[in-house]
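This report refers to the structure that appears directly beneath it.
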Amino acid sequence: MANFFTDNDDLRFHFEEGVDWAPLVEVTELGYRTEDGFKTPQEAVAFYREVAESTGALAAEQIATRAAAIDREDTHLEDGEAIAGPAMNQIFEAIKAAELHRLCLPRELGGLNAPLLLYFLSGEMIARADVSVMTHHSFHGGMAMAMLAYSIYEGSTALDPARGRIESTRFASAIEEIARGDAWGCMDITEPNAGSDMAALRTRAELGADGRWYLSGQKIFITSGHGKYHFVIARTEDAKNPDDPFAGLGGLSMFLVKAYDDLPDGTRKRYVTIDRVEEKLGHHGSVTAALSFENVPGELVGKRGEGFKYMLVLMNNARVGVGFESIGLAESAYRLAKSYAEERRSMGKPIARHEMIADYLDEMRTDIQGLRALAVDAAYSEEMAQKLVLFERFSAGLGPAERERVARELPRWRARSRRLTPLLKYLAAEKAVEIARRAIQIHGGVGYTKDYGAEKLLRDALVMPIYEGTSQIQALMAMKDTLLGAIKRPRDFLARIADARLGALTGKDELDRRLARVQGYSLSAQQHLLTRTAAGKLRTLTVVPFASWPDALTKGWDPKRDFSLAMLHAERLIRLLADEAIAEILVAQAKKHPGRRELAERYLDRAELRARALHEEITTTGGRILAMLSPEAEKQAVAAE
Numbered sequence: 001m002a003n004f005f006t007d008n009d010d011l012r013f014h015f016e017e018g019v020d021w022a023p024l025v026e027v028t029e030l031g032y033r034t035e036d037g038f039k040t041p042q043e044a045v046a047f048y049r050e051v052a053e054s055t056g057a058l059a060a061e062q063i064a065t066r067a068a069a070i071d072r073e074d075t076h077l078e079d080g081e082a083i084a085g086p087a088m089n090q091i092f093e094a095i096k097a098a099e100l101h102r103l104c105l106p107r108e109l110g111g112l113n114a115p116l117l118l119y120f121l122s123g124e125m126i127a128r129a130d131v132s133v134m135t136h137h138s139f140h141g142g143m144a145m146a147m148l149a150y151s152i153y154e155g156s157t158a159l160d161p162a163r164g165r166i167e168s169t170r171f172a173s174a175i176e177e178i179a180r181g182d183a184w185g186c187m188d189i190t191e192p193n194a195g196s197d198m199a200a201l202r203t204r205a206e207l208g209a210d211g212r213w214y215l216s217g218q219k220i221f222i223t224s225g226h227g228k229y230h231f232v233i234a235r236t237e238d239a240k241n242p243d244d245p246f247a248g249l250g251g252l253s254m255f256l257v258k259a260y261d262d263l264p265d266g267t268r269k270r271y272v273t274i275d276r277v278e279e280k281l282g283h284h285g286s287v288t289a290a291l292s293f294e295n296v297p298g299e300l301v302g303k304r305g306e307g308f309k310y311m312l313v314l315m316n317n318a319r320v321g322v323g324f325e326s327i328g329l330a331e332s333a334y335r336l337a338k339s340y341a342e343e344r345r346s347m348g349k350p351i352a353r354h355e356m357i358a359d360y361l362d363e364m365r366t367d368i369q370g371l372r373a374l375a376v377d378a379a380y381s382e383e384m385a386q387k388l389v390l391f392e393r394f395s396a397g398l399g400p401a402e403r404e405r406v407a408r409e410l411p412r413w414r415a416r417s418r419r420l421t422p423l424l425k426y427l428a429a430e431k432a433v434e435i436a437r438r439a440i441q442i443h444g445g446v447g448y449t450k451d452y453g454a455e456k457l458l459r460d461a462l463v464m465p466i467y468e469g470t471s472q473i474q475a476l477m478a479m480k481d482t483l484l485g486a487i488k489r490p491r492d493f494l495a496r497i498a499d500a501r502l503g504a505l506t507g508k509d510e511l512d513r514r515l516a517r518v519q520g521y522s523l524s525a526q527q528h529l530l531t532r533t534a535a536g537k538l539r540t541l542t543v544v545p546f547a548s549w550p551d552a553l554t555k556g557w558d559p560k561r562d563f564s565l566a567m568l569h570a571e572r573l574i575r576l577l578a579d580e581a582i583a584e585i586l587v588a589q590a591k592k593h594p595g596r597r598e599l600a601e602r603y604l605d606r607a608e609l610r611a612r613a614l615h616e617e618i619t620t621t622g623g624r625i626l627a628m629l630s631p632e633a634e635k636q637a638v639a640a641e
């Protein structure tokens with residue numbers, strides 16, 4: 001039997017050796033305080049492996065075999081409802097029977113209490129089979145977990161810390177309905193003329209005379225928008241002036257909206273209207289809907305004005321999830337291309353033995369393995385950050401040592417998650433497109449036909465750099481965090497530069513020296529951007545009293561105003577930062593697991609060359625574009641019109 005877990009040596013390495021399961025199991029099982037939970041890491045990991053193997057079999061045997069049918073059947077709107085094809089329905093009956101929607105929910109809510117990392121690893125396998133299935137699947141158990149998380153954050157979940165159990169939670173009935181596989185949810189953010197600019201959202205929520213909230217407006221590009229439960233971002237406050245705390249993002253609130261009720265007579269009463277189901281290039285099994293709200297009742301989540309904050313709780317996990325989806329799709333494209341290249345003969349030998357094709361396949365494999373290492377690290381860091389908070393809240397009688405450990409580890413995991421998440425989302429999404437495109441090229445003319453499935457993978461891949469935060473948004477986030485971090489801690493930044501220069505010359509291991517060279521290129525590029533930015537900032541201080549310069553230089557940074565050169569090079573910088581992060585992870589793995597050394601060397605072979613080229617681009621180009629975008633140039637363009 002085919003199995004997408006057992007046939008993937010790199011994925012199994014992370015599961016069996018690369019992941020330090022013990023700390024994650026400990027916080028997931030609340031310090032082993034739960035009555036019906038696992039008592040040792042070994043017990044838990046044995047169960048996790050069973051889940052991984054069964055998911056791998058389901059993905060290979062039931063999903064991958066129906067992928068072409070899903071693509072053909074598509075979804076459509078019929079009498080106001082989004083209708084999936086037979087193949088998609090069969091798959092979700094199988095997923096329901098396997099109880100995968102319950103995977104990460106606590107046991108007291110009918111769940112299996114597995115870590116999110118297991119969900120993400122399973123997600124890669126499902127995405128390898130068909131990424132649109134994984135996209136829709138993520139809006140089942142993932143939204144149930146979001147309901148629980150929101151309830152905990154707002155304080156509407158009652159805990160029994162002594163037993164490590166949830167006594168009650170606000171959205172319990174909806175969570176159970178989703179866990180059974182009888183419903184799912186979605187996140188409604190995007191609107192016409194308000195994509196990445198959330199401050200421009202216009203959907204309104206108004207408090208009625210009956211004390212209930214009612215929402216009106218339109219949302220577009222809503223993935224799985226035919227679901228029953230919708231987390232909706234809506235405007236509840238109008239800013240009186242630009243300095244009002246409710247201006248822009250501060251005026252947004254989060255609501256849970258039930259889109260319909262199924263009545264006893266078998267009919268459905270809709271409150272949220274599905275205006276259309278988008279006809280998309282790919283992801284044909286996943287519904288993307290446009291929705292209308294007309295005085296639809298909604299429940300406020302948290303407090304007024306906290307909508308953006310609550311959205312971020314979901315967004316980090318969603319971006320990590322897209323990283324794993326992208327890796328799954330890339331794995332499928334690589335294997336399809338490799339299989340074809342080994343069978344297709346040209347000029348007396350398989351094309352896999354032609355130099356250029358061999359180089360293509362080697363780069364595809366290396367990129368996927370590097371991305372998987374980054375994804376596992378990012379997912380682990382994000383989960384540890386979230387669960388250490390829950391561990392402290394759920395556990396009664398924590399001793400001083402345990403509390404000190406949480407206080408020490410929590411900032412570290414949060415910082416690492418914040419660093420790695422945009423790098424993963426950016427590079428995995430971009431590489432999914434690149435690898436799927438290369439798979440078509442390796443297939444030649446037949447890759448352009450529907451017979452082999454390569455063209456489907458490219459169609460499915462093209463949305464990855466767009467949804468859950470575009471590649472450009474990820475690049476700007478990483479640039480801002482990196483450069484502002486250096487500005488806030490200049491001594492640490494200079495010390496890192498010195499360490500990289502020294503390490504490149506004196507590192508005891510060749511891997512250390514090569515890693516230090518990649519780090520040196522990254523830090524030098526950052527230094528260049530900071531130097532140019534600081535020079536521009538100093539020119540603006542001519543109108544600021546000298547006594548105020550220290551505050552202006554350390555606190556008065558506005559990325560939109562001061563970081564124009566860095567914004568121009570943001571995508572180059574994030575590629576450099578991602579190569580640096582992956583190289584660090586792989587070198588660390590090679591030191592702990594000698595069998596990984598070959599991968600680290602293989603990755604560095606390409607990363608060093610890329611880092612040098614990106615450094616050169618960042619430090620020598622951009623002046624012409626910035627001059628073209630200067631206020632003077634803009635004035636001239638307006639005058640010319």
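According to full-length UniProt numbering, the stretch in the sequence shown is residues 1 to 641, in order. Every residue gets a Cβ at the ideal spot worked out from N, C-alpha and C, and that includes glycine.
- DSSP places residue 292 in the strand class (E or B) of the three-state scheme.
- The region 176-193 and the region 92-102 touch, with no fewer than 3 CB-CB distances between them shorter than 8 Å.
- By the 16-neighbour rule on beta-carbons within 10 angstroms, residue 411 is exposed.
- Rounded to whole angstroms, the gap between the alpha carbons of residue 276 and residue 290 is 5 Å.
- Here the alpha carbons of residue 592 and residue 503 stand approximately 19 Å from one another.
- Between the alpha carbons of residue 285 and residue 489 lies a distance of about 47 Å.
- About 4 Å separates the beta carbons of residue 597 and residue 590, which is inside the 8 Å limit, making them a contact pair.
- In the assembly as shown, residue 623 is an exposed residue. Its beta-carbon has fewer than 16 other beta-carbons within 10 Å.
- Per DSSP, the unbroken beta strand (DSSP E) holding residue 185 starts and ends at 185-188.
- Around the beta carbon of residue 393, fewer than 16 other beta carbons sit within 10 angstroms, so the residue counts as exposed.
- In the assembly as shown, residue 76 is an exposed residue. Its beta-carbon has fewer than 16 other beta-carbons within 10 Å.
- By alpha-carbon distance to residue 391, the top candidate from 8, 594, 4, 29 is 29.
- The Cβ neighbour count for residue 356, taken over all protein chains shown within 10 Å, is under 16; the residue is labelled exposed.
- The DSSP-derived three-state label of residue 297 is strand.
- By the CB criterion at 8 Å, residue 48 and residue 149 fall outside the cutoff.
- Residue 572 counts as buried, since no fewer than 16 other beta carbons sit within 10 angstroms of its beta carbon.
- Counting only runs of 4 or more residues that sit fully inside the region 19-70, the alpha helix (DSSP H) segments are 21-28, 41-58, in chain order.
- Residue 323 and residue 375 have their C-alpha atoms roughly 7 Å apart.
- In this structure, the alpha-carbon of residue 383 lies about 44 Å from that of residue 350.
- Between residue 618 and residue 211, the alpha-carbon positions lie close to 55 Å from each other.
- DSSP, reduced to helix, strand and coil, places residue 272 within a strand of the structure shown.
- Partner residues in the beta bridge of residue 254, as assigned by DSSP, are 233, 301.
- Between the alpha carbons of residue 22 and residue 417 lies a gap of roughly 19 Å.
- If the five residues before and after residue 60 are omitted, its C-beta is found closer than 7 Å to the C-beta atoms of 2, 3, 4, 129, all from its own chain and listed in chain order.
- Closest in C-alpha terms to residue 175, from the list 117, 534, 400, 106, comes 106.
- Counting other Cβ atoms within 10 Å of its Cβ, residue 228 reaches 16 or more and is therefore classed as buried.
- Annotated three-state conformation of residue 345 is strand, per DSSP.
- With at least 16 other beta carbons inside 10 angstroms of its own, residue 317 counts as buried.
- With 16 or more other Cβ atoms inside 10 Å of its own Cβ, residue 123 counts as buried.
- In the DSSP assignment, no residue is bridged to residue 476.
- Shown here for residue 436: same chain residues with a beta carbon closer than 6 Å to its own, the five before and five after excluded, namely 333, 457, 458, 461 in chain order.
- Distance from the CA of residue 401 to the CA of residue 16, rounded to the nearest whole angstrom, comes to 30 Å.
- Relative to residue 177, the option among 188, 140, 159 whose CA is nearest is 140.
- By the 16-neighbour rule on beta-carbons within 10 angstroms, residue 526 is buried.
- Going by beta carbons, residue 237 and residue 248 fall outside the 8 Å limit.
- Shown here, residue 214 sits in a strand according to DSSP, grouped into three states.
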